[in-house]
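See below for the structure under consideration.
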Amino acid sequence: MHRNMSGDLSTTQNDAENDFNQDLCQALIDISIPLHVVNNTTFRSFLEKYTHNDVPNESWLKTFDLRKLYTQKLNQIRDELANGHIWISVDETIDVTGRCIANIIVGKLDIEAVTRPYLLASKELLNVDCFAITKCVSEAIDLLGFKNEQILLFVTNGISYMLEAATQLKSRYPDMLHVTCFSNGFNILAEAIKYAFPKVNDFISCVQALFSKAPHRVAYYRKVLNIELPPEPVVHKSSTWIKTIVFYADNFEEIKKVIQSFDPEDSQSISQAQKLLENDKLFYDFIFIKSNFEKLSLIMEKLESTQMSLKESFKLFYEAENIIRDISGDLGEVLCNKLGLVLERNADLNALMSANNILSYNQVPDGDMGIIKLKNIIKYKFAPMSCFDAERIFPAYNWIISDNKPTSKMSEIEMLLICSCNIW
Numbered sequence: 001m002h003r004n005m006s007g008d009l010s011t012t013q014n015d016a017e018n019d020f021n022q023d024l025c026q027a028l029i030d031i032s033i034p035l036h037v038v039n040n041t042t043f044r045s046f047l048e049k050y051t052h053n054d055v056p057n058e059s060w061l062k063t064f065d066l067r068k069l070y071t072q073k074l075n076q077i078r079d080e081l082a083n084g085h086i087w088i089s090v091d092e093t094i095d096v097t098g099r100c101i102a103n104i105i106v107g108k109l110d111i112e113a114v115t116r117p118y119l120l121a122s123k124e125l126l127n128v129d130c131f132a133i134t135k136c137v138s139e140a141i142d143l144l145g146f147k148n149e150q151i152l153l154f155v156t157n158g159i160s161y162m163l164e165a166a167t168q169l170k171s172r173y174p175d176m177l178h179v180t181c182f183s184n185g186f187n188i189l190a191e192a193i194k195y196a197f198p199k200v201n202d203f204i205s206c207v208q209a210l211f212s213k214a215p216h217r218v219a220y221y222r223k224v225l226n227i228e229l230p231p232e233p234v235v236h237k238s239s240t241w242i243k244t245i246v247f248y249a250d251n252f253e254e255i256k257k258v259i260q261s262f263d264p265e266d267s268q269s270i271s272q273a274q275k276l277l278e279n280d281k282l283f284y285d286f287i288f289i290k291s292n293f294e295k296l297s298l299i300m301e302k303l304e305s306t307q308m309s310l311k312e313s314f315k316l317f318y319e320a321e322n323i324i325r326d327i328s329g330d331l332g333e334v335l336c337n338k339l340g341l342v343l344e345r346n347a348d349l350n351a352l353m354s355a356n357n358i359l360s361y362n363q364v365p366d367g368d369m370g371i372i373k374l375k376n377i378i379k380y381k382f383a384p385m386s387c388f389d390a391e392r393i394f395p396a397y398n399w400i401i402s403d404n405k406p407t408s409k410m411s412e413i414e415m416l417l418i419c420s421c422n423i424w
């Protein structure tokens, strides 16, 4: 009897210790504290003093508790998506160490409401091509044991190897439609708008440079104008470039006076900005862009969301398309040609348009429904038309690698990401 009680007590203590280790691991992940903090002697002593628990080191947490949490997250995702139809999105980037990383997001196609997305995998691509993307996506899907018929939608950017990967994946997932991200497509068009105004871009660059590392100029600007500094556009996100243009258009005369008050001998950026301001067309360009494309930038930001119905996504799509088609002259011709190319690369767009017309307006489709089975049409009611959820993972990824050794295994980084991004 004594041995049994002792054994029960030992088991209880071990369970409590395991729970503490696992809870500690999850807590550190949830509040964005790197796991190596447990190697700090002061921190370990503090926890052990007030919790009366032995605190594991980083290696133990990663080897045992992180892996358990990762497995739990995968099981939770599997349970959430079980017996349903699935959408998948993927996006890739180059991290600070030069690795190409692909993030794969999955979600359930529900007929009642939008559902939350889940990060399923984050993988290093040794080769950036269609074969690597196909392998990466297939292996991620296999993790959850989905049936091929469950996969109904694949959302990516419009890069050629993504289109080729989608074609390959369709041979395995016969009911899957592929669509390129709506916001990504209009971002390509916004890039064309940006490059049509080189003097505007030169001026923005000069203003950024003249305020960079010049606190006395920044202080003078804020004292005189009492407004924030001009925003800096985010590279590869042209909606932010348009919003920057809107700021300049709204505050052009005030900003002009401040820049003209600076001594051109102080820096080349000041003299260049002042020279650009001598041309009245600069202001007219700002006004033209604001007048014609401010609404486009707002639509592009809305289209980044996966939390919309198919009807809402297409409503925004058509609004943005009309903005592009309303532009006249040489720029209008360039944009319409670009729009045509974007649409051509969207092989299943017409099928989804037809599904939307049936679901939203009870319209008989004019064209071919493609591979959409009649029983599956309703599944697309809340289908996302964005792959930005995959892109939004990258800040979390960058934080993780900044707080870990550059040589950290990709498998550890992936488990940390899965546990930090999929919080119930």
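Position 151 of the sequence shown, counted from 1, bears residue number 151 in the UniProt record's numbering, the numbering being contiguous throughout. All C-beta atoms, glycine included, are put in the ideal place defined by N, C-alpha and C. Everything numeric in this text was worked out from a predicted model, so none of it was measured.
- The closest CA to that of residue 185, considering only 343, 170, 286, is found on 343.
- Around the beta carbon of residue 363, a 10 Å sphere encloses fewer than 16 other beta carbons of the protein chains shown; the residue is thus reported as exposed.
- Residue 374 sits exposed, since fewer than 16 C-beta atoms from the chains shown fall within 10 Å of its C-beta.
- Sequence-distant partners of residue 282 (beyond 5 residues in either direction) whose C-beta falls short of 8 Å from its own C-beta, in its chain, are 199, 200, 203, 276.
- Cα atoms of residue 330 and residue 37: separation of roughly 59 Å, rounded to the nearest angstrom.
- The stretch 91-102 and the stretch 164-171 do not touch, with fewer than 3 CB-CB distances between them shorter than 8 Å.
- Counting only runs of 4+ residues, the alpha helix (DSSP H) found wholly inside the UniProt domain "DUF659" (71-209) occupies 130-144, 160-172, 182-195, in chain order.
- The DSSP-derived three-state label of residue 414 is helix.
- Secondary structure of residue 213 (DSSP, three-state): coil.
- Around residue 260, the same chain offers 274, 277 as residues with beta carbons nearer than 8 Å, after the five sequence neighbours per side are excluded.
- The beta carbon of residue 115 lies closer than 6 Å to those of 107, 108 in the same chain, with the five residues before and after it left out.
- When only Cα atoms are considered, residue 249 and residue 410 end up about 46 Å apart.
- In this structure, residue 50 lies away from residue 419, with their beta-carbon atoms at least 9 Å apart.
- Only buried fits residue 296, as 16 or more other CB atoms lie within 10 angstroms of its CB.
- The beta-carbon distance between residue 90 and residue 137, rounded to whole angstroms, is 6 Å. This is short enough to meet the 8 Å contact definition.
- Contact check between the stretch 76-92 and the stretch 142-156: three or more CB pairs, one atom from each, fall below 8 Å, which counts as touching.
- Note that the C-beta distance between residue 196 and residue 334 is below 9 Å.
- A residue is called buried once 16 or more other Cβ atoms fall within 10 Å of its Cβ, and residue 366, having fewer, is exposed.
- The DSSP assignment places 388-402 as complete runs of the alpha helix (DSSP H) inside the stretch 380-409, in order along the chain (cut-off: 4 residues).
- Secondary structure at residue 63: helix, using DSSP grouped into helix, strand and coil.
- Linking residue 397 to residue 226 through their CA atoms gives a straight-line distance of about 37 Å.
- A direct Cα-to-Cα measurement between residue 304 and residue 221 gives close to 34 Å.
- A straight-line Cα-Cα distance of about 29 Å links residue 349 and residue 243.
- Scanning its chain for C-beta atoms nearer than 6 Å, with the 5 sequence neighbours on each side dropped, one finds around residue 43 the residues 37, in chain order.
- Note on geometry: alpha-carbon atoms of residue 315 and residue 356 lie some 10 Å from one another.
- Straight-line spacing of the CA atoms in residue 376 and residue 369 works out to 11 Å.
- By the CB criterion at 9 Å, residue 104 and residue 120 fall inside the cutoff.
- Counting other Cβ atoms within 10 Å of its Cβ, residue 27 stays below 16 and is therefore classed as exposed.
- Here residue 258 carries a helix assignment [DSSP, helix/strand/coil].
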